[in-house]
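The structure under discussion appears below in the form of structure tokens.
Protein chains: 2
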Amino acid sequence: MDARIASRKGQRKAREKRMTAGDAVHQGPARYGRRRTGAGGRGGGGEALLGIGAAAAQAGVSQRALRYYQQLGLLTPCSSTPGGMRRYSEADISRVARIRQLQTLLGLNLDEIAIVLRHEDRMAAIKDAYRDEHATDADRRGLAAESLRLQQELRSTVQAKRAAIDSFLADLDERILRTRDILEGVAAASPARED
Amino acid sequence: MDARIASRKGQRKAREKRMTAGDAVHQGPARYGRRRTGAGGRGGGGEALLGIGAAAAQAGVSQRALRYYQQLGLLTPCSSTPGGMRRYSEADISRVARIRQLQTLLGLNLDEIAIVLRHEDRMAAIKDAYRDEHATDADRRGLAAESLRLQQELRSTVQAKRAAIDSFLADLDERILRTRDILEGVAAASPARED
DNA sequence: CCCGAATCTGACGTTGACGTTAAGATTAGG
DNA sequence: CCTAATCTTAACGTCAACGTCAGATTCGGG
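These protein sequence lines map, in sequence, to chains C and R. Heads up, the first sequence is in our numbering, so the first residue is 54 and it goes up one at a time. Heads up, the second sequence is in our numbering, so the first residue is 54 and it goes up one at a time.
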């Protein structure tokens with residue numbers, strides 16, 4: 054039972070029941086005034102918002118993680134009840150997915166992820182307020198150009214990682230071939246069943 | 054000055070002078086009886102061994118890290134002086150490189166890396182003691198087969214990661230294209246210099 | 001043989017990313 | 001309106017992977 058090299062990382066302790074969505078109790082969607090949907094707000098149109106429990110379950114993370122992301126400014130729930138309870142949209146959930154992606158795939162820490170997300174948000178804002186805003190075209194050009202630069206920078210680091218993984222994979226394949234050779238050599242010397 | 058998204062991770066605090074090899078003082082190679090070179094021992098033939106300072110500098114990690122790796126059983130220096138000071142071979146240094154690779158590329162933790170390295174060592178031992186050892190061919194076959202299985206398992210996780218990175222990259226490219234479109238749109242509306 | 005540089009072994013400190021209570025507030029269904 | 005379920009903030013705990021002393025020991029050149 055050594056089949057546990059990778060593909061965990063999310064099961065340190067975590068008692069939190071972790072139900073994958075709608076398991077027993079209701080806790081389901083609710084509707085609330087998702088204020089300030091204009092400009093930079095995630096949260097589509099009239100979709101059902103989730104409480105932190107359901108959102109965490111959907112996203113596959115803990116409630117604590119969601120609150121922590123909020124503390125660091127990575128993810129502000131698109132709305133909240135008058136009493137101060139967080140309400141997450143589907144867009145919020147996918148944002149969590151992106152955070153996890155940047156974490157596990159690229160190995161960025163949350164501060165770095167915050168930077169990346171901020172720039173992505175900026176681009177979205179530019180796109181949204183493309184003519185609404187009363188900014189000059191020069192402003193727009195500057196912002197877009199800067200975001201382009203940053204995205205390309207990210208792209209180059211990702212590509213470097215990809216190249217590294219490729220060479221790693223090639224190395225591994227070579228090792229596997231050698232192992233297979235050895236195995237065949239032994240098998241030839243003292244043959245056993247083959248499939 | 055936002056050009057710091059990735060490509061650091063090794064500069065938290067770290068006062069340790071971090072000289073890249075031969076900077077001021079001597080501390081260079083030394084010769085000592087590298088005991089037990091047979092069977093599983095890294096440490097080529099009559100190469101010069103390094104003290105922990107030089108080794109750490111070469112490998113680009115701290116001395117503490119090297120000692121820590123040893124504690125966890127990831128890397129035992131191929132030799133040591135009668136007084137108990139560690140001596141590292143070039144093979145040891147590349148082992149450190151592999152450790153870092155598994156860390157940063159695949160995001161494995163040191164325990165998982167220990168498992169991987171142990172299996173790689175096992176394979177090397179099998180190769181070395183291919184006829185020297187007085188094991189039966191069945192033994193050899195079993196070991197090689199097991200290692201093959203494990204290597205293929207690792208390979209599949211690596212490939213999954215590669216696929217994930219590829220799709221990430223594709224997504225990023227799409228974003229970049231859209232950004233470029235916006236930029237061109239604005240440039241058309243209010244043209245500035247182009248290069 | 002001596003001395004300064006390098007290294008040794010503890011042992012405690014740090015940092016990021018949460019986990020885990022605790023005690024009180026909010027919500028939604030009946 | 002009541003109550004169980006869900007959520008809130010605040011605070012402390014944890015774990016990996018080292019960083020950072022401190023005091024003793026070892027090495028190697030003169």
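Glycine residues also receive a C-beta, built at the ideal position from the N, C-alpha and C atoms. Please read all numbers here as calculations on a predicted model, not as lab measurements.
For the 9 angstroms CB-CB criterion, Ala198 (chain C) and Leu236 (chain R) form a contact. Membership of Gly106 (chain C) in the alpha helix (DSSP H) is indicated by the continuous run 105-112. In summary, Asp219 (chain C) is exposed, with fewer than 16 beta-carbon neighbours lying within 10 Å of its beta-carbon over all protein chains present.
CA-to-CA, the gap between Ala167 (chain R) and Leu125 (chain R) works out to about 8 angstroms. One Cα belongs to Ala213 (chain R), the other to Glu227 (chain R), and the distance between them is close to 21 angstroms. For the set R:Asp234, R:Val239, R:Ile179, the Cα lying nearest the Cα of Thr189 (chain C) is the one of R:Val239. The secondary-structure analysis by DSSP pairs Ser115 (chain R) with nothing; it has no beta-bridge partner. Assigned with DSSP and collapsed to three states, Ser220 (chain C) falls in helix.
For Val211 (chain R), the C-beta contacts it makes with chain C under 7 angstroms involve Ile218, Phe221, Leu222, Leu225, in order along the chain. The beta carbon of Ala118 (chain R) sits no closer than 9 angstroms to any beta carbon of chain C. Cβ-Cβ distances below 8 angstroms link Thr129 (chain C) to Gln123 in the same chain, with the five nearest sequence neighbours on each side left out; the list follows chain order. Per the coordinates, the alpha-carbon of Arg194 (chain R) lies some 18 angstroms from the alpha-carbon of Glu206 (chain R). Contact annotation: the segment 157-176 of chain R does not touch the segment 139-146 of chain R, with fewer than three C-beta pairs closer than 8 angstroms. Annotation: Ala109 (chain R) to Gln116 (chain R) spans about 5 angstroms, alpha carbon to alpha carbon.
Straight-line measurement puts the Cα of Ala191 (chain R) at about 29 angstroms from the Cα of Ala223 (chain C). Only Thr157, Leu158, Leu159, Gly160, Leu161, Glu165, Ile168, Val169, Glu173, Met176 from the segment 155-177 of chain C bring a Cβ to less than 8 angstroms from some Cβ of chain R. Straight across, the Cα-Cα distance linking Gln111 (chain C) with Met176 (chain R) is about 42 angstroms.
In the structure shown, Ser209 (chain C) falls within a helical segment according to DSSP collapsed to helix, strand and coil. The beta carbons of Leu158 (chain R) and Phe221 (chain C) sit closer together than 9 angstroms. Taking 8 angstroms as the upper bound for CB-CB distance, Leu119 (chain C) and Leu163 (chain C) are not in contact here, some 13 angstroms apart. Bridge partners of Tyr141 (chain R) according to DSSP: R:Leu103. Ser132 (chain R) has a beta carbon lying at 9 angstroms or more from every beta carbon in chain C.
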